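First up is the structure itself, then whatever we jot down about it.
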Amino acid sequence: MGMDCSSSLRVVLVVFVPLLVLIVSSVVVVMVVSPGESSSLLSPVMGFWSHKNRGRSIIHSSHNTSMAYENALSSSPPPLGPTPQPVMNITRKVDYQLERLEAELKRSRIAIREAAQQKNHTIHIEDEDYVPNGPIYRNANAFHRSYLEMEKKFKIYIYPEDVVSRKYRYWNRSRGADHFMLACHDWGPHVSWAIPYLTKNSIRVLCNANSSERFNPSKDVSLPEINLKTPDPYGIIGGPSPSHRPTLAFFAGGMHGPIRPGLLKHWKGKDDDMKVYEYLPKHVSYYDIMKKSKFCLCPSGYEVASPRIVEAIYAECVPVIISDHYVLPFSDVLDWKAFSVEVSMADIPNLKKILMGISQRQYIRMQRRVKLVQRHFVLNRSPKRYDVFHMILHSIWLRRLNVQVFGEA
71 MGMDCSSSLR VVLVVFVPLL VLIVSSVVVV MVVSPGESSS LLSPVMGFWS
121 HKNRGRSIIH SSHNTSMAYE NALSSSPPPL GPTPQPVMNI TRKVDYQLER
171 LEAELKRSRI AIREAAQQKN HTIHIEDEDY VPNGPIYRNA NAFHRSYLEM
221 EKKFKIYIYP EDVVSRKYRY WNRSRGADHF MLACHDWGPH VSWAIPYLTK
271 NSIRVLCNAN SSERFNPSKD VSLPEINLKT PDPYGIIGGP SPSHRPTLAF
321 FAGGMHGPIR PGLLKHWKGK DDDMKVYEYL PKHVSYYDIM KKSKFCLCPS
371 GYEVASPRIV EAIYAECVPV IISDHYVLPF SDVLDWKAFS VEVSMADIPN
421 LKKILMGISQ RQYIRMQRRV KLVQRHFVLN RSPKRYDVFH MILHSIWLRR
471 LNVQVFGEA
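The working numbering puts the first residue of the sequence shown at 71, with every later residue one more than the last.
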C-alpha cells in the first residue's frame, strides 16, 4: 500500500485513537493504537478513544538534536478549550480500555525519552532489518525507539467511505485533535482554513508545507513531493561516484513562482559549471545530467515543495534547496544540513561561490549521506520498513503521541 499524490487522491482524514482514517476515493483506511503487542503496521487491531478532552501537547521541529523528541514528550499539554457536549455514552468498560491505552502511550514516551538521552547506540535492540545511525539523524537512538514503538502500536483497517462519519462520531469528541487531513496540491493549506478546528487542532499532512501560509511545523506534517515517471523507482536510483560528476550544479524547469525567475536570470546560459535550463535541449536526458552533477538545484515554484529534492536524492546528487518558507519533510528525525545545502532567495547571485566554497572532502561526506538517506524517500508498491510511506506514518505518530484525549493532564 503506497501514498499517491495524483488526482485520484485528494483528501485524507485520519482518526488515530481509536481510528486513523484515510479517505481515498471510495476507501477509508483506519489506523489504530494497539495495547502493547508487537506486530506489523498493516495488521488489523483494536483502538481507543475518550470523551475527556484534557488537551494536547505539541512537537516542535528544531535544529537541536533531541529537542523535537523532548518537546514531544512534555507531560503538561495545553488545553484545547471548552469541552464539547458528549455525542455518545461511554461505559466504564470503555473508560478502562482508554485508560490502559493512554498508559501504553505514556510508556512509549518514556522509552523514547530514555533512548534520546543515550549518546550512542548503547542499548541493545533486536532489529534485523535496520538500525538508524550516523549524522543524517538528529538523534538516531530516539528515532529508532520511536519507530519500534510505532510499529507495535499502529495498525490499519479499511472501511467504505462515509461509514466512519455516520457510525463513529469521533471527531466531535476531540474536535479533530486526533485526526489528520492529507492534501498534495498547491492549495492544500487553504482547504482547511474554513474549518477552524481543522486548522487549529487537526494534523494536516501537506506537500505544500509553507510556513508563510499557516503551516505549523509543531502540529502539521510535511509530505515529500514525489513525481515518478516509472512504476519502479529503483530503475532511476543510483549514480556515479563524486569523481565522475563533472558538472557543478544542474537545474531544468519552468519559470514560475517567485524564486525561479531570479535563478534563470542570473544563471541560465551564463556559466558552463552551472547548467541551468528553462527547457532541456532535445535528446538530453534529465536524469543523466542529474547523475553527472555534484549538486542539484531545487528551487520552489508555485508551491514551496519541489519533487526535485527526492529526484536529487535518488540520483545521489546533493540537493540545493532554494526556498525561504519550506518546512522540510521528516525534519524531526533527519538533519538536513548533513546531506543538503540550503540557500535563501537573496543568495541566488552568489550560488556558485557558495557551492565552490564547499571543500571536496565535505562534498564527499555529504554525497555519501545522500546515499544513506535514500531508503527514507523510496516509494515501494508494497511498503517496506523505514521507506517513505512509513516515514510519513512516523511523522504523524510523533504528533499523535503527544495528543492526550483521555485521563488527567
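The C-beta atom is built at its ideal place from N, Cα and C for all residues, glycine as well.
It should be emphasised that the depicted structure is a prediction, and the values quoted were computed from it without experimental measurement.
Item                                                                                                                                                    : Value
Confirm, please, whether the CB-CB distance from ILE265 to VAL380 is below 8 Å.                                                                         : no
Using only CA atoms, which one of GLU198, LYS222 and ALA210 lies nearest to ARG177?                                                                     : LYS222
Under a three-way DSSP split, which group does GLU348 fall into?                                                                                        : coil
Taking C-alpha atoms, which residue in ASP199, GLU169, ILE206 and ALA212 lies nearest to GLN187?                                                        : ALA212
Smallest Cα separation from VAL390: which of VAL440, SER272, TYR349 and TYR357?                                                                         : VAL440
Got a sec? Which residues, its chain only, sit under 6 Å from PHE365 by beta carbon, not counting five neighbours each side?                            : ALA319, VAL388, VAL390 and LEU425
Under the three-state reduction of DSSP, which class applies to ARG274: helix, strand or coil?                                                          : strand
In three-state terms, what does DSSP make of SER145?                                                                                                    : Confidence is the limiting factor: at SER145 the pLDDT is only 40, short of 50, which leaves the residue's position unreliable, though a coordinate-based value still follows. Coil.
Give the secondary structure of TYR456 by DSSP, where H, G and I count as helix, E and B as strand, and everything else as coil.                        : coil
To the nearest angstrom, how far is it from the Cα of ASP417 to the Cα of PHE285?                                                                       : 24 Å
DSSP three-state label for ASP197, please.                                                                                                              : coil
Are the stretch 457-475 and the stretch 428-444 touching, with three or more C-beta to C-beta distances below 8 Å?                                      : no
Just the C-alpha distance for ALA173 and LEU463, rounded to the nearest angstrom, thanks.                                                               : 21 Å
Is DSSP giving VAL443 helix, strand or coil here?                                                                                                       : helix
Residues in the same chain with beta-carbon distance under 7 Å from ARG431, minus the five sequence neighbours each way, listed in chain order, please. : none
Three-state secondary structure (DSSP) at HIS133?                                                                                                       : Low confidence applies here, because HIS133 scores a pLDDT of 34, under 50, leaving its location unreliable; read the following figure in that light. Three-state DSSP puts HIS133 in coil, outside helix and strand.
Taking the straight line between their C-alpha atoms, what separation do you get for LEU298 and PHE321?                                                 : 18 Å
Cα separation between SER262 and LEU398?                                                                                                                : 21 Å
Based on the DSSP output, what are the partners of VAL413 in its beta bridges?                                                                          : ILE392
Tell me which same chain residues have a C-beta within less than 6 Å of the C-beta of GLY332, skipping the five on either side of it?                   : ILE418
What does DSSP give as the partner residues of LEU318 in its beta bridges?                                                                              : In the DSSP output, where bridge partners are listed per residue, LEU318 has none listed.
Quick one: is ASN278 near chain C, going by C-beta distance under 8 Å?                                                                                  : Note that chain C does not occur in the displayed structure, where there is just one protein chain.
From the DSSP secondary-structure annotation, give me the bridge partner or partners of VAL291.                                                         : VAL275
Given this structure, state the Cα-to-Cα distance separating GLY246 from ASN280, to the nearest angstrom.                                               : 21 Å
Of the residues GLU219, TRP337 and ARG170, which one's Cα is nearest the Cα of HIS460?                                                                  : GLU219
Give me the residue from TYR396, SER376, ARG274 and TYR347 with the minimum Cα distance to ALA253.                                                      : ARG274
To the nearest angstrom, report how far apart GLN474 and PRO202 are at their CA atoms.                                                                  : 28 Å
TYR372 and ILE306 - do their beta-carbons sit closer together than 8 Å?                                                                                 : no
Assuming LEU268 contacts ASP290 under a Cβ cut-off of 8 Å, what Cβ separation, rounded to an integer in Å, is found between them?                       : The pair is not a contact, with the Cβ atoms about 11 Å apart (cut-off 8 Å).
Quick check: HIS395 and VAL374, are their CB atoms within less than 8 Å of each other?                                                                  : yes
What is the residue span of the alpha helix (DSSP H) that LYS361 lies within?                                                                           : 356-361
Find out if the Cβ-Cβ distance for the pair ASP516, ARG208 is shorter than 8 Å.                                                                         : This structure gives no information on residue 516, because the portion of the chain shown stretches from 71 to 479.
Taking the continuous beta strand (DSSP E) assigned at ALA253, which residues delimit it?                                                               : 249-253
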